[in-house]
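Inspection log for the structure reproduced underneath, given as structure tokens.
There are 4 protein chains.
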Amino acid sequence: MKNLKRKPEESPRHDYRPRPLPFRTPLNGISDRALKNHHDKLYAGYVTKKNEIENRLEELGRAIVTGEVDGGGNPTYGELRGLKDGETYAVNGVYLHEWYFKILGGDGKSENARELVDALSSIYGSAEGFIKYFSECAMCARGWTVLAWDTRESRLWIYNSDAHNQGGVWGALPIIVLDVYEHAYFMDYGADRKAYLKAFWKNFNWAAANDLFKRASSIRL
Amino acid sequence: MKNLKRKPEESPRHDYRPRPLPFRTPLNGISDRALKNHHDKLYAGYVTKKNEIENRLEELGRAIVTGEVDGGGNPTYGELRGLKDGETYAVNGVYLHEWYFKILGGDGKSENARELVDALSSIYGSAEGFIKYFSECAMCARGWTVLAWDTRESRLWIYNSDAHNQGGVWGALPIIVLDVYEHAYFMDYGADRKAYLKAFWKNFNWAAANDLFKRASSIRL
Amino acid sequence: MKNLKRKPEESPRHDYRPRPLPFRTPLNGISDRALKNHHDKLYAGYVTKKNEIENRLEELGRAIVTGEVDGGGNPTYGELRGLKDGETYAVNGVYLHEWYFKILGGDGKSENARELVDALSSIYGSAEGFIKYFSECAMCARGWTVLAWDTRESRLWIYNSDAHNQGGVWGALPIIVLDVYEHAYFMDYGADRKAYLKAFWKNFNWAAANDLFKRASSIRL
Amino acid sequence: MKNLKRKPEESPRHDYRPRPLPFRTPLNGISDRALKNHHDKLYAGYVTKKNEIENRLEELGRAIVTGEVDGGGNPTYGELRGLKDGETYAVNGVYLHEWYFKILGGDGKSENARELVDALSSIYGSAEGFIKYFSECAMCARGWTVLAWDTRESRLWIYNSDAHNQGGVWGALPIIVLDVYEHAYFMDYGADRKAYLKAFWKNFNWAAANDLFKRASSIRL
């Protein structure tokens, strides 16, 4: 909810807008047709649902707070439950895709990512060591693999996720987000996820990831 | 993984230690027997499993990076998959419980939480309005309800979770974490979750939550 | 849906009724207070939600078939999605509890379960061998452990489930259903699930399980 | 497990074999490339994992029963837990795909499915009414939509599933299984699931579904 004090008719509308792809196409090994479906249809669809859910929560939340309706909160089924469940699916679906698109569009060269490469090397021996291990983790996931700055322990850590709203770690700030949903690669590679991972690293934007790393790792809670 | 450059025998051991309860018992309406099971057995058990998983990942990750073993990454079944799946369950199980215990042990009075109360009031009309809505959300969840600072949109937001590793939102920093797993209340209240929620707010530590809010909301990524 | 040909006002109502406990209390080591919460509140609550969901699906389904409403089917969020998701949770919540209560209330003696004991012995060496292995599986589950007749392969098999609507195997007919949700044992045993499992077997009704086994295993599809 | 009485070296090996596609390709609107990936790689991969898991369970189960190893059953992480979790994913992945392929390869004409069409018409008004509603349900699912004979209530019912081992209903015998995983349609249709559903019905084998219906609905437990 955004602001209960305003009158309902003034209630702020949630109108999150899809961000355009932050790079020029075509990519190297990921087709424009695949990207168009991924960004223009799927990602944009999550944005639409996020807004729909949050606008309805705005109304329902107001009614609960003012006592107009009895929330009837129930963990098996109910409108509020359905909204709150769909919300984490839509919100993560939006955020994760934005982080994912953010670190695409590069040339796979790590020269401009000194801080991140240093940090990864101290853990995995080298950037290549990291890529090898991260890719192996990505072969095991059903949704996403995420290198994150885990603020709870001030550590750089890889987490796996099986769905937009499964596997998320509270307090973790994403640095490298890799989509391994079937929608990310089936059009170009069929079931050959390995080939897709190779294409991912070819288009990886190290500078963008380095920027995310520098900002996230400076945080101390 | 922590540091591949060291020799295996020097490999840093993960030995996260359970934190003691940050308050004096007894609480008001949550029995010592329930707390003992919750903290000393369940929470401590998640810590043990977190260490076990991360230490095994240390070995397995090293072997993957050096090529000693073929990771054999597979999204249906395999050791790496099992570890990475269990990891988000254990890690969130540890972190969320620590955030939860952190904001217990208070007297439910919000005098010393001006910043948080102001922020909540601007959204929900008043602290009471917030408590009403947050509690309703908690009636709908199967695991946790979390008021978080969502760094992606710089907003204070309530998210619901159905299990330790379900419903987590990437980039979200918890402020108020409420455990609604059956283990949190069945011993004292049976299926009467509403009674447990009342007890939660009676023991709520507003000052601790305010502190988390001030630190989290100051972050700009 | 039940019958679209009738007029809406004649539409059959779903009014599944909670079944009473099929045994006399008290059980041996499972308190009446725990059973009352388990059966009268939780199980009965699933029945209520099952009816609520199915009655609403009756209306919504009719409107979709007749074209009054555009279903707007969407895998992220929507009323139909929420209903269909909640439905498997409620329906399994009802069925599994009924199978679970069905095989309680016994004395743990297997004399009157020749066919089932023979079948289990041929697989696990003895009824005790089965109990040992089944119990170990139950220590690993988050929801249910089920010995089922798997009609797809005509085999007796143990499957684990982490939630009412997770882990279910299509075509599997339950024989022995064991509830390991925290609600089943926290009141009596806290986190000590092992003690609960011992109590379960003490109250196990072998004759009832044998009856289920004979009927299920005679099926050939 | 299969047979503990035999010696380990005689232990029966699980060697479930992938079934060939039960129809001649090409289908109408589902490309051979998509089918090849779906059947030869994904489905066959689930069969491989099912065998791997069950063979390992055979060994581990034997060791647990004989007391050679302490199962160490734990609901957060452990080998037995990982196997039992992966098992329902692999087993359902195998079974559901077989049921799905079973009812493809037809011409979409319902003349030879009198019993099933009659049953569906009595519920949904007509076969077309059923197709409309079932398809709408399929637009809401993340994994599968299943028309099943629900033996618990002797009813024909549609259930939705979000993953191979989510949404399964105990005691339900599948009649019409529709795969809506992204792997089923992304290659041919991108995000346009509606177009895929149309293709599904064009290739639907009503006679095969009718046969499944007659056998399942004759069962009384």
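Protein chains in written order, with this note's numbering: chain A, 1 to 221; chain B, 1001 to 1221; chain C, 2001 to 2221; chain D, 3001 to 3221. All C-beta atoms, glycine included, are put in the ideal place defined by N, C-alpha and C.
Exercise for review: Check each candidate in 3136/D, 3028/D and 3165/D and name the one with the smallest Cα separation from residue 2159/C.
Suggested key: Position 159 of the third sequence, counted from the start, is the residue given in the question as residue 2159/C. Closest option to residue 2159/C, Cα to Cα, is 3165/D.
**Study point:** Whole-Å CB distance - residue 2064/C paired with residue 3132/D, under 8 Å assumed
**Key:** Here residue 2064/C refers to the residue found at position 64 when the third sequence is read from its first residue. Here residue 3132/D refers to the residue found at position 132 when the fourth sequence is read from its first residue. Right, the Cβ-Cβ distance comes to about 6 Å (below 8 Å), so this counts as a contact.
Point to revise | 8 Å contact criterion, which residue 1086/B and residue 3076/D should meet: CB distance rounded | key: Here residue 1086/B refers to the residue found at position 86 when the second sequence is read from its first residue. Here residue 3076/D refers to the residue found at position 76 when the fourth sequence is read from its first residue. Indeed they touch by this definition, with Cβ atoms about 6 Å apart.
Exercise for review: Quick one: grab the DSSP three-state call for residue 1201/B.
Suggested key: As a working note, residue 1201/B is residue 201 in the second sequence. In the structure shown, residue 1201/B sits in a helix (DSSP, three-state: H, G or I).
Exercise for review: Classify residue 178/A as helix, strand or coil using the three-state DSSP reduction.
Suggested key: Within the first sequence, residue 178/A is the residue found at index 178, counting from 1. Of the three classes helix, strand and coil, the one that applies to residue 178/A here is strand, per DSSP.
Point to revise | CB contact check: residue 2041/C to chain D, cutoff 8 Å | key: Against the third sequence, residue 2041/C aligns to sequence position 41. No - not a single Cβ of chain D is within 8 Å of the one on residue 2041/C.
Review point. From this set, 2025/C, 2019/C and 2036/C, which residue's C-alpha is nearest residue 2048/C's C-alpha?
Key: By one-based count along the third sequence, residue 2048/C stands at place 48. Among 2025/C, 2019/C and 2036/C, the Cα nearest to that of residue 2048/C is on 2019/C.
**Study point:** Start-to-end residues for the alpha helix (DSSP H) that takes in residue 63/A
**Key:** As a working mapping, residue 63/A is identified with position 63 in the first sequence. Note, residue 63/A: alpha helix (DSSP H), 44 to 66.
Review point. Among all the DSSP beta bridges, which residues are the ones paired with residue 3155/D?
Key: Here residue 3155/D corresponds to residue number 155 of the fourth sequence, with the count starting at 1. The partner list for residue 3155/D (beta bridge, DSSP) reads 3150/D.
Review point. Who are the neighbours of residue 1074/B on chain A, taking C-beta pairs under 8 Å?
Key: In the second sequence, residue 1074/B corresponds to position 74, counting from 1. Chain A residues near residue 1074/B: 139 and 140.
Point to revise | Helix, strand or coil at residue 88/A [DSSP, three-state] | key: Counting from one through the first sequence, the residue named residue 88/A turns up at place 88. Reduced to three states, the DSSP call for residue 88/A is helix.
Exercise for review: Could you run through the segment 172 to 194 of chain A and flag, in chain order, every residue whose CB is less than 7 Å away from some CB of chain D?
Suggested key: 181, 182, 183, 186, 187, 190 and 191
Review point. Which residues in the same chain as residue 2083/C place their Cβ atom closer than 8 Å to its Cβ, once the five residues preceding and following it in sequence are excluded?
Key: One-based indexing of the third sequence puts residue 2083/C at position 83. Counting only Cβ-Cβ distances below 8 Å, and skipping sequence neighbours, we find 2053, 2056, 2057 and 2060.
Practice item. State the CB to CB distance for the pair residue 3028/D and residue 3198/D, rounded to an integer number of angstroms; the pair is presumed to be in contact (CB under 8 Å). Key: On the fourth sequence, position 28 is the one that residue 3028/D refers to. On the fourth sequence, position 198 is the one that residue 3198/D refers to. At roughly 10 Å, the Cβ-Cβ gap does not stay under 8 Å, so residue 3028/D and residue 3198/D are not in contact.
Check your understanding: Would you call the segment 2114 to 2130 of chain C and the segment 3180 to 3189 of chain D touching, i.e. three or more CB-CB distances under 8 Å?
Key -> no
Point to revise | Cβ-based burial, residue 3145/D [other Cβ within 10 Å; buried from 16] | key: Numbered from its first residue, the fourth sequence carries residue 3145/D at position 145. So residue 3145/D counts as buried.
Check your understanding: Using a beta-carbon distance cut-off of less than 8 Å, what residues from the segment 1028 to 1056 of chain B approach chain D?
Key -> 1045, 1046, 1049, 1052 and 1053
Practice item. Tell me where the alpha helix (DSSP H) around residue 3188/D begins and ends. Key: As a working mapping, residue 3188/D is identified with position 188 in the fourth sequence. 3186 to 3189 is the extent of the alpha helix (DSSP H) around residue 3188/D.
Review point. Residue 95/A touches chain C at which residues, Cβ-Cβ below 8 Å?
Key: Looking up residue 95/A in the first sequence gives position 95. Within 8 Å Cβ-Cβ: nothing; residue 95/A doesn't reach chain C, min ~14 Å.
Review point. What span of residues does the alpha helix (DSSP H) with residue 1214/B cover, start to end?
Key: Here residue 1214/B refers to the residue found at position 214 of the second sequence. Where residue 1214/B is concerned, the enclosing alpha helix (DSSP H) stretches over 1206 to 1217.
Exercise for review: Under 8 Å between beta-carbons, which chain C residues line up against residue 89/A? List them in chain order, please.
Suggested key: What you label residue 89/A is simply residue 89 of the first sequence in a count that begins at 1. Under the 8 Å cutoff, chain C gives 2076 and 2077.
Exercise for review: My understanding is that residue 207/A touches residue 156/A, with C-beta atoms under 8 Å, so please give their C-beta distance in whole angstroms.
Suggested key: Translated into the one-based positions of the first sequence, residue 207/A becomes position 207. Translated into the one-based positions of the first sequence, residue 156/A becomes position 156. That belief does not hold up - the Cβ atoms of residue 207/A and residue 156/A are roughly 17 Å apart, past 8 Å.
Exercise for review: Starting from residue 136/A, trace the alpha helix (DSSP H) both ways and give me its first and last residue.
Suggested key: One-based indexing of the first sequence puts residue 136/A at position 136. Segment 127 to 140, the alpha helix (DSSP H) holding residue 136/A.
**Study point:** Close Cβ partners of residue 169/A (< 6 Å) along its chain, the five nearest in sequence each way excluded
**Key:** Start at 1 with the first residue of the first sequence, and residue 169/A comes out as number 169. Only 159 meet the Cβ criterion.
Point to revise | Endpoints, the alpha helix (DSSP H) within which residue 124/A is located | key: Counting from one through the first sequence, the residue named residue 124/A turns up at place 124. Where residue 124/A is concerned, the enclosing alpha helix (DSSP H) starts and stops at 114 to 124.
Review point. What is the residue span of the alpha helix (DSSP H) that residue 1953/C lies within?
Key: Examination of residue 1953/C is not possible in this model, given that chain C is present from 2001 through 2221 alone.
Review point. By how many angstroms is the C-alpha of residue 3038/D removed from the C-alpha of residue 3121/D?
Key: Here the question's residue 3121/D lines up with position 121 in the fourth sequence. Here the question's residue 3038/D lines up with position 38 in the fourth sequence. Answer to the nearest angstrom: the Cα atoms are 32 Å apart.
Check your understanding: Beta-carbon separation of residue 2015/C and residue 2051/C under 8 Å?
Key -> By one-based count along the third sequence, residue 2015/C stands at place 15. By one-based count along the third sequence, residue 2051/C stands at place 51. Yes, these two residues count as a Cβ contact at 8 Å.
Check your understanding: Assuming residue 175/A and residue 149/A make a contact with CB atoms under 8 Å, what is their CB distance in whole Å?
Key -> One-based indexing of the first sequence puts residue 175/A at position 175. One-based indexing of the first sequence puts residue 149/A at position 149. Right, the Cβ-Cβ distance comes to about 6 Å (below 8 Å), so this counts as a contact.
Practice item. Measure the alpha-carbon distance for residue 171/A versus residue 2211/C and round it to whole angstroms. Key: Working through the first sequence from its first residue, we reach residue 171/A at position 171. Working through the third sequence from its first residue, we reach residue 2211/C at position 211. Looking at the two C-alpha atoms, the distance is approximately 51 Å.
Check your understanding: In or out: residue 1151/B buried (at least 16 other Cβ within 10 Å) or exposed?
Key -> Taking the first residue of the second sequence as position 1, residue 1151/B is located at position 151. Label assigned to residue 1151/B: buried.
Exercise for review: Using a threshold of 8 Å, state whether the C-beta atoms of residue 147/A and residue 23/A are closer than that.
Suggested key: Here residue 147/A refers to the residue found at position 147 when the first sequence is read from its first residue. Here residue 23/A refers to the residue found at position 23 when the first sequence is read from its first residue. No.
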